[in-house]
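Take a look at the structure set out below.
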Amino acid sequence: MKVFIVYCHPSEDSFTKKMCDAFIRGITDSGNEYMISDLYKMNFDPSMTEQEYLRDAYYRNTLEPAEDVRAEQEKINSADAIAFIYPVFWTEAPAKLAGWFDRVWTYGFAYGEKTMKMLDKAIILCSAGNSLEHLEQFGLLDSMKRVMLGDRLYGRAKEMEFVVFGNTSRENELRERNWNRNLQKAYDRGKNLFAQTTVSGKSI
Ligand SMILES: Cc1cc2nc3c(=O)[nH]c(=O)nc-3n(C[C@H](O)[C@H](O)[C@H](O)COP(=O)(O)O)c2cc1C
Numbered sequence: 006m007k008v009f010i011v012y013c014h015p016s017e018d019s020f021t022k023k024m025c026d027a028f029i030r031g032i033t034d035s036g037n038e039y040m041i042s043d044l045y046k047m048n049f050d051p052s053m054t055e056q057e058y059l060r061d062a063y064y065r066n067t068l069e070p071a072e073d074v075r076a077e078q079e080k081i082n083s084a085d086a087i088a089f090i091y092p093v094f095w096t097e098a099p100a101k102l103a104g105w106f107d108r109v110w111t112y113g114f115a116y117g118e119k120t121m122k123m124l125d126k127a128i129i130l131c132s133a134g135n136s137l138e139h140l141e142q143f144g145l146l147d148s149m150k151r152v153m154l155g156d157r158l159y160g161r162a163k164e165m166e167f168v169v170f171g172n173t174s175r176e177n178e179l180r181e182r183n184w185n186r187n188l189q190k191a192y193d194r195g196k197n198l199f200a201q202t203t204v205s206g207k208s209i
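According to this note's numbering, the sequence shown is numbered sequentially starting from 6.
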């Protein structure tokens, strides 16, 4: 089985990078394969052109998606699962990843007469500076989940899971204290990705 990882963080010196590495180790240790789009390394352009906008807004199939968009769509259709790994920025994915959805989720691929395959699994692993309690108390966790699971991934994967690693800001002493345990969790998610039945929308 193969998972396509969409990874988005501007720096290698980050918890998110280590979390991505641990997830990948879990994937390969379980005998599965992965492909990765590292959006910063690829310098992925998140800005929609006017032509792309008109194509999607007017439900037109006439314009072929750009080459970089088609490459991402091909990776999706050759995978069994998709994983998104990123830090939470202002209760959202970083702009590069939000723009990835704007451009890759084209009319005729992700909506309309869809050519995007129904994936077996979709998993989101994200790091947040705030605690889960804080994110829950203010409805922010729910809002992030709704956007990712209830909109962007809805109807595009059979099983979905949203995993947030809280308390990861550098000023928080829990960042270091939970470090190994969190990386172990990321590893386990990779190792069990194709083995485990997950509950839609469950967070840890
Ligand atoms: C521009 C920016 C915006 C952020 N917004 C949020 C936020 O809305 N909620 C939150 O919990 N953490 C937020 N954070 C904290 C990051 O999610 C946190 O620093 C990161 O997950 C730490 O992991 P890292 O070592 O992988 O960067 C923000 C950080 C930055 C740099």
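Cβ atoms here follow ideal geometry from the backbone N, Cα and C, with glycine treated the same way. The model shown is predicted, which means the values in this text are computed figures rather than measured ones.
The three-state reading of DSSP puts residue 179 in helix, counting H, G and I together.
DSSP, read as helix, strand or coil, puts residue 94 in strand. Around the C-beta of residue 138, fewer than 16 other C-beta atoms lie within 10 Å, and the residue is accordingly described as exposed.
The C-beta distance from residue 36 to residue 192 rounds to 15 Å, too long to fall under 8 Å, and the pair is not in contact. Apart from sequence neighbours up to five positions away, the residues of its chain that approach residue 195 with a beta-carbon distance below 6 Å are 28, 31 and 32, ordered along the chain. The alpha-carbon separation between residue 136 and residue 181 amounts to approximately 14 Å. Pairing residue 187 with residue 63, the inter-Cα distance amounts to about 44 Å. Runs of the beta strand (DSSP E) lying entirely within the region 13-51, each at least 3 residues long, are 38-43 in chain order. Ligand 1 never approaches residue 152 closely enough for any of its heavy atoms to be under 8 Å from the residue's Cβ.
For residue 124, the enclosing beta strand (DSSP E) stretches over residues 124-132. Using a Cβ distance threshold of 9 Å, residue 6 and residue 198 count as a contacting pair.
DSSP, reduced to helix, strand and coil, places residue 163 within a strand of the structure shown.
A Cβ-Cβ separation of about 4 Å places residue 41 in contact with residue 10 under the 8 Å criterion. Per the Cβ contact rule, the region 116-123 is not in contact with the region 41-59 (fewer than 3 Cβ pairs under 8 Å). Taking 8 Å as the cut-off, one finds no heavy atom of ligand 1 near enough to the beta carbon of residue 102. Under the three-state reduction of DSSP output, residue 116 falls in the strand class.
In this model, residue 140 and residue 184 are separated by some 20 Å (Cα to Cα). When distances are taken from the beta-carbon of residue 140 to the heavy atoms of ligand 1, the shortest one is below 8 Å. Relative to the Cα of residue 15, the nearest Cα in the group 76, 176, 77 and 94 belongs to 94.
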